[in-house]
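Engineer: In order, the protein sequence lines correspond to chains A and B.
First residue of the first sequence: -6, per my numbering; consecutive thereafter.
First residue of the second sequence: -6, per my numbering; consecutive thereafter.
In this text, a Cβ means the ideal position worked out from N, Cα and C, and glycines have one as well.
These numbers come from a predicted model, not from an experiment.
Number of protein chains: 2
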Amino acid sequence: MVDKKQIIRETDDEARALARRLISGSRYGSLAVLLPKGGHPFASRTAVANDVDRTPVILVSALSEHTSGLMHDPRVSLLLGEPGKGDPLAHPRITLQCQAEKIDREDERHTHVRSRFLRRHPKSALYADFPDFAFFRLNPVSASLNGGFGKAYHLQPQDILIESPASASLSELEDSAVEHMNNDHADAVAIYARIIAGQKTGKWSISAIDAAGFELVSGDRLARVEFETVLEDSSRLAPTLAELAKSARESQG
Amino acid sequence: MVDKKQIIRETDDEARALARRLISGSRYGSLAVLLPKGGHPFASRTAVANDVDRTPVILVSALSEHTSGLMHDPRVSLLLGEPGKGDPLAHPRITLQCQAEKIDREDERHTHVRSRFLRRHPKSALYADFPDFAFFRLNPVSASLNGGFGKAYHLQPQDILIESPASASLSELEDSAVEHMNNDHADAVAIYARIIAGQKTGKWSISAIDAAGFELVSGDRLARVEFETVLEDSSRLAPTLAELAKSARESQG
Chain A
-6 MVDKKQIIRE TDDEARALAR RLISGSRYGS LAVLLPKGGH PFASRTAVAN DVDRTPVILV
54 SALSEHTSGL MHDPRVSLLL GEPGKGDPLA HPRITLQCQA EKIDREDERH THVRSRFLRR
114 HPKSALYADF PDFAFFRLNP VSASLNGGFG KAYHLQPQDI LIESPASASL SELEDSAVEH
174 MNNDHADAVA IYARIIAGQK TGKWSISAID AAGFELVSGD RLARVEFETV LEDSSRLAPT
234 LAELAKSARE SQG
Chain B
-6 MVDKKQIIRE TDDEARALAR RLISGSRYGS LAVLLPKGGH PFASRTAVAN DVDRTPVILV
54 SALSEHTSGL MHDPRVSLLL GEPGKGDPLA HPRITLQCQA EKIDREDERH THVRSRFLRR
114 HPKSALYADF PDFAFFRLNP VSASLNGGFG KAYHLQPQDI LIESPASASL SELEDSAVEH
174 MNNDHADAVA IYARIIAGQK TGKWSISAID AAGFELVSGD RLARVEFETV LEDSSRLAPT
234 LAELAKSARE SQG
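#1: Quick check on DSSP: helix, strand or coil for B/R242?
#2: Who are A/I96's beta bridge partners in DSSP?
#3: At the level of alpha carbons, what is the spacing between B/D66 and B/I188?
#4: Would a check of beta-carbon distances place A/Y146 closer than 8 angstroms to chain B?
#5: Using a threshold of 8 angstroms, state whether the C-beta atoms of A/L71 and A/L148 are closer than that.
#6: Less than 8 angstroms between CB atoms is the rule here; does A/G191 satisfy it with respect to chain B?
#7: Rounding to the nearest angstrom, what Cα-Cα distance links A/L82 and A/F142 in this structure?
#8: Kindly indicate if chain B contains any beta-carbon less than 8 angstroms away from that of A/Y185.
#9: Applying a beta-carbon distance threshold of less than 8 angstroms, which residues of chain B neighbour A/I250?
#10: State whether the stretch 169 to 178 of chain B contacts the stretch 195 to 211 of chain B, with contact taken as three or more CB pairs (one from each stretch) at a distance under 8 angstroms.
#11: Give the single residue among B/K116, B/P49, B/R112 and B/A136 whose Cα lies nearest to the Cα of B/K95.
#12: With three or more beta-carbon pairs closer than 8 angstroms as the criterion, would you say the stretch 133 to 141 of chain B touches the stretch 158 to 172 of chain B?
#13: Does any residue of chain A have a CB that is nearer than 8 angstroms to the CB of B/L269?
#14: Rounded to whole angstroms, what is the Cα-Cα separation between B/M(-6) and A/G22?
#15: Does the separation of the CB atoms of A/D122 and A/A55 fall below 8 angstroms?
#16: Going straight from the alpha carbon of A/K30 to that of A/L209, what length do you get?
#17: Can you check whether the CB of A/S160 is closer than 8 angstroms to the CB of A/E75?
#18: Ordered along the chain, which non-local residues of its own chain (more than five positions away) have a Cβ less than 6 angstroms from that of A/K(-2)?
#19: Should A/D6 be labelled buried (16 or more other beta-carbon atoms within 10 Å of its own) or exposed?
#20: When you compare only the Cα positions, how much space is there between A/H114 and A/F207?
#21: Less than 8 angstroms between CB atoms is the rule here; does A/V50 satisfy it with respect to chain B?
#22: Check whether the Cβ of A/D226 lies closer than 7 angstroms to any heavy atom of the ligand ADP, and answer yes or no.
#23: If you draw a straight line from the alpha carbon of A/S164 to that of A/A204, how long is it in whole angstroms?
#24: Determine, using beta carbons only, whether A/D226 and A/R9 come nearer to each other than 8 angstroms.
#25: In the DSSP assignment, find the beta strand (DSSP E) that holds A/E219 and state where it starts and stops.
#26: Out of A/G195, A/K78, A/A127 and A/R14, state which residue places its alpha-carbon closest to the alpha-carbon of A/D100.
#27: Does the distance from the CB of B/L73 to the CB of B/L63 come in under 8 angstroms?
#28: In whole angstroms, what separates the C-alpha of B/T194 from that of A/D44?
#29: So within the stretch 11 to 88 of chain A, which uninterrupted alpha helix (DSSP H) runs reach at least 4 residues, ignoring any that extend past its ends?
#30: Count the other C-beta atoms from every protein chain shown that fall within 10 angstroms of the C-beta of A/L24, then say buried if there are 16 or more, exposed otherwise.
#31: Run down chain A in chain order and give the residues with a C-beta less than 7 angstroms from the C-beta of B/L138.
#32: Going along chain A in order, which residues have a C-beta closer than 7 angstroms to the C-beta of B/D213?
#33: Assuming B/I184 and B/R98 are in contact, meaning their beta carbons sit under 8 angstroms apart, how far apart are those beta carbons, in whole angstroms?
#34: Relative to the C-alpha of A/F35, which residue among B/S137, B/T60 and B/L15 is closest?
#35: Can you name the residues of chain B whose CB is closer than 8 angstroms to the CB of A/P150?
#36: Taking B/A179 as the reference, give the member of B/L224, B/A235 and B/E156 with the closest Cα.
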């Protein structure tokens, strides 16, 4: 048998960028948990958002089998990368090996995680506050990226997560920054969607901002814009957004 | 906490029909296995076909992590149901809890499973016969159907599998029946695709026939036609196919 290590490619910036796109750009994924009785694996579909450090966040009901599983054993696996049309094995996807962490309502991160999730998935507002529902962060331990047939990579958390000293203060100002952009700079938001994210149709609004970029939603569509460099200071956010809008406008001639 | 049994609906014919459509109509799925070292769950995307009894069949490489997992512990979970556009949680899907069973090249079922898989996934002919690749039947033990928010059902193998005394003889004549239909009755095949399966575009051919119906492929698209009743005798196949074509033609007026 061929040595498995031979088929794993060396992780490069292209692989990291693809992994980040898949993690930040997936509205849903396949979650694998271990069932409490006997540890049989169990796969189910779940809506996904991202926390400020790009960690996937899910909203699940305690009445579901996957939640029983991850409450009993926090080891879960999350497959991300929406296949779309054509050969499903030609579409890139990533498997994250994670430790699930419940975000209780009393947790200081709860408000922030909730507003990010609800802006990406507005329909989830119907049940997000039901007593049996809870948010979980799925903290990545390792990842397997499959960029298409024969293009396999092993990645570490630092390859995919956003690490910045600005993350904490960006979290605090995110809600107001998102509101400000959508209400007072709708023209810039439309330009980000059309010129930078290449979305030809749809009415887009910003749903999340972090140190590495921001995301846009239009109904059930999702787009992500990555900044050229990760912001090290939250005071860089406003000028970075202004520069992006300016250069996008100029690119149109 | 609410009793979980309250949210599981009683299995009816509509639920069974939806489950069968999802299992027979999915070109790919999310496979959850247990990793050999430590039993961490691992989710990955896999192409899927069906054996003559509707049991899912996968073709996997021994070099992949999912194959290491299912060789070590045959307990796997398979999530089927392609989400498409719109709200991913509104699309029906099914989770099958299975026991994986390797189909060795010496196995009398190998030729048949291989030809079914390759007709559905023609591109897999490029690697299906590589020494590290093997077919596995994923024998269902139980299933969880989610027909959309709040519509949950528990199903048993007999709710989803095809059981007929005709299955063995249909398996034997399937290759030649498929070839005959595609070559000598291309007009009927086009009518099945357009009128019965409702496919407005594409050049379709039959890729599988069993006691409960047949499947059609056109490039990366897949459609399934279920017979009104399961065939109990393989001699019923030809007249059933002829009647279907006749009534479809008449429905056009």
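Structural biologist: So, to answer that:
#1: Mapped onto the second sequence, residue 242 of chain B falls at position 249. Of the three classes helix, strand and coil, the one that applies to B/R242 here is helix, per DSSP.
#2: Residue mapping note: residue 96 of chain A aligns to position 103 of the first sequence, counting from 1. Assignment of beta-bridge partners to A/I96 by DSSP yields A/F128.
#3: Looking up residue 66 of chain B in the second sequence gives position 73. Looking up residue 188 of chain B in the second sequence gives position 195. Rounded to whole angstroms, B/D66 to B/I188 spans 44 angstroms at the Cα level.
#4: For the purposes of this step, residue 146 of chain A is taken as residue 153 along the first sequence, with counting starting at 1. Cβ-Cβ to chain B under 8 angstroms: no for A/Y146.
#5: Indexing the first sequence from 1 puts residue 71 of chain A at position 78. Indexing the first sequence from 1 puts residue 148 of chain A at position 155. No, Cβ-Cβ distance for A/L71 and A/L148 is not below 8 angstroms.
#6: To locate residue 191 of chain A, count along the first sequence from 1; it is residue 198. It does not: the Cβ of A/G191 has no partner Cβ on chain B nearer than 8 angstroms.
#7: Counted from its first residue, the first sequence places residue 82 of chain A at position 89. Counted from its first residue, the first sequence places residue 142 of chain A at position 149. Looking at the two C-alpha atoms, the distance is approximately 7 angstroms.
#8: Counting from one through the first sequence, the residue named residue 185 of chain A turns up at place 192. By this cut-off, A/Y185 is not an interface position.
#9: Beyond the ends of chain A as shown, which are -6 and 246, falls residue 250 of chain A; an answer cannot be given.
#10: Three or more Cβ pairs drawn from the stretch 169 to 178 of chain B and the stretch 195 to 211 of chain B lie within less than 8 angstroms of each other, which places the two stretches in contact.
#11: As a position in the second sequence, residue 95 of chain B is number 102, starting the count at 1. Comparing Cα positions, the closest option is B/P49.
#12: These segments do not touch.
#13: This structure cannot settle anything about residue 269 of chain B, because the visible part of chain B is limited to -6 through 246.
#14: As a first step, residue -6 of chain B must be located in the second sequence, where it is residue number 1. As a first step, residue 22 of chain A must be located in the first sequence, where it is residue number 29. Bear in mind that a pLDDT of 37 at B/M(-6), under 50, signals an unreliable position, so the number given afterwards is only what the model happens to contain. Cα to Cα, B/M(-6) sits roughly 27 angstroms from A/G22.
#15: What you label residue 122 of chain A is simply residue 129 of the first sequence in a count that begins at 1. What you label residue 55 of chain A is simply residue 62 of the first sequence in a count that begins at 1. Taking the C-beta atoms as reference points, A/A55 is found no nearer than 8 angstroms to A/D122.
#16: Numbered from its first residue, the first sequence carries residue 30 of chain A at position 37. Numbered from its first residue, the first sequence carries residue 209 of chain A at position 216. The alpha-carbon atoms of A/K30 and A/L209 are separated by roughly 41 angstroms.
#17: As a working note, residue 75 of chain A is residue 82 in the first sequence. As a working note, residue 160 of chain A is residue 167 in the first sequence. Their beta carbons are not under 8 angstroms apart, which means A/E75 does not touch A/S160 by this criterion.
#18: By 1-based counting over the first sequence, the position of residue -2 of chain A is 5. Residue confidence for A/K(-2) is low, a pLDDT of 45 falling below 50, so the modelled location carries little weight and cannot support an answer.
#19: On the first sequence, residue 6 of chain A is found 13 positions in, with the first residue counted as 1. Exposed, since its Cβ has fewer than 16 Cβ neighbours within 10 Å.
#20: Counting from 1 along the first sequence, the entry for residue 114 of chain A is found at position 121. Counting from 1 along the first sequence, the entry for residue 207 of chain A is found at position 214. Between A/H114 and A/F207, the C-alpha separation is close to 16 angstroms.
#21: Looking up residue 50 of chain A in the first sequence gives position 57. Judged by the 8 angstroms Cβ criterion, A/V50 is not in contact with chain B.
#22: The ligand ADP is not part of the structure shown, which contains no ligands of any sort.
#23: On the first sequence, residue 164 of chain A is found 171 positions in, with the first residue counted as 1. On the first sequence, residue 204 of chain A is found 211 positions in, with the first residue counted as 1. Taking the straight line from one Cα to the other gives about 9 angstroms.
#24: Position 233 of the first sequence, counting from 1, holds the residue named residue 226 of chain A. Position 16 of the first sequence, counting from 1, holds the residue named residue 9 of chain A. Going by C-beta atoms, A/D226 is not nearer than 8 angstroms to A/R9.
#25: The residue you call residue 219 of chain A lines up with position 226 of the first sequence. In the DSSP annotation of this structure, the continuous segment of the beta strand (DSSP E) that includes A/E219 starts and ends at R214 to E219.
#26: Counting from one through the first sequence, the residue named residue 100 of chain A turns up at place 107. Closest in alpha carbon position to A/D100, among A/G195, A/K78, A/A127 and A/R14, is A/A127.
#27: What you label residue 73 of chain B is simply residue 80 of the second sequence in a count that begins at 1. What you label residue 63 of chain B is simply residue 70 of the second sequence in a count that begins at 1. The answer is no: Cβ separation not under 8 angstroms.
#28: Taking the second sequence and counting its residues from 1, one reaches residue 194 of chain B at position 201. Taking the first sequence and counting its residues from 1, one reaches residue 44 of chain A at position 51. So the alpha carbons of these two residues sit roughly 42 angstroms apart.
#29: 58 to 65
#30: The residue labelled residue 24 of chain A in the question sits at position 31 within the first sequence. Result: buried.
#31: Reading the second sequence from its first residue, position 145 is the one you call residue 138 of chain B. Result: empty, since nearest Cβ-Cβ is about 11 angstroms, beyond 7 angstroms.
#32: Looking up residue 213 of chain B in the second sequence gives position 220. Near B/D213 (Cβ distances below 7 angstroms), the residues of chain A are K78, G79 and D80.
#33: Stepping through the second sequence from its first residue, residue 184 of chain B is reached at position 191. Stepping through the second sequence from its first residue, residue 98 of chain B is reached at position 105. About 38 angstroms; that fails the 8 angstroms criterion.
#34: Along the first sequence, one-based indexing puts residue 35 of chain A at 42. Here the closest residue by C-alpha is B/S137.
#35: As a first step, residue 150 of chain A must be located in the first sequence, where it is residue number 157. Under the 8 angstroms cutoff, chain B gives no residues; its nearest Cβ is about 15 angstroms from A/P150.
#36: The count along the second sequence starts at 1 and reaches residue 179 of chain B at position 186. With distances taken between Cα atoms, B/A179 lies closest to B/A235.
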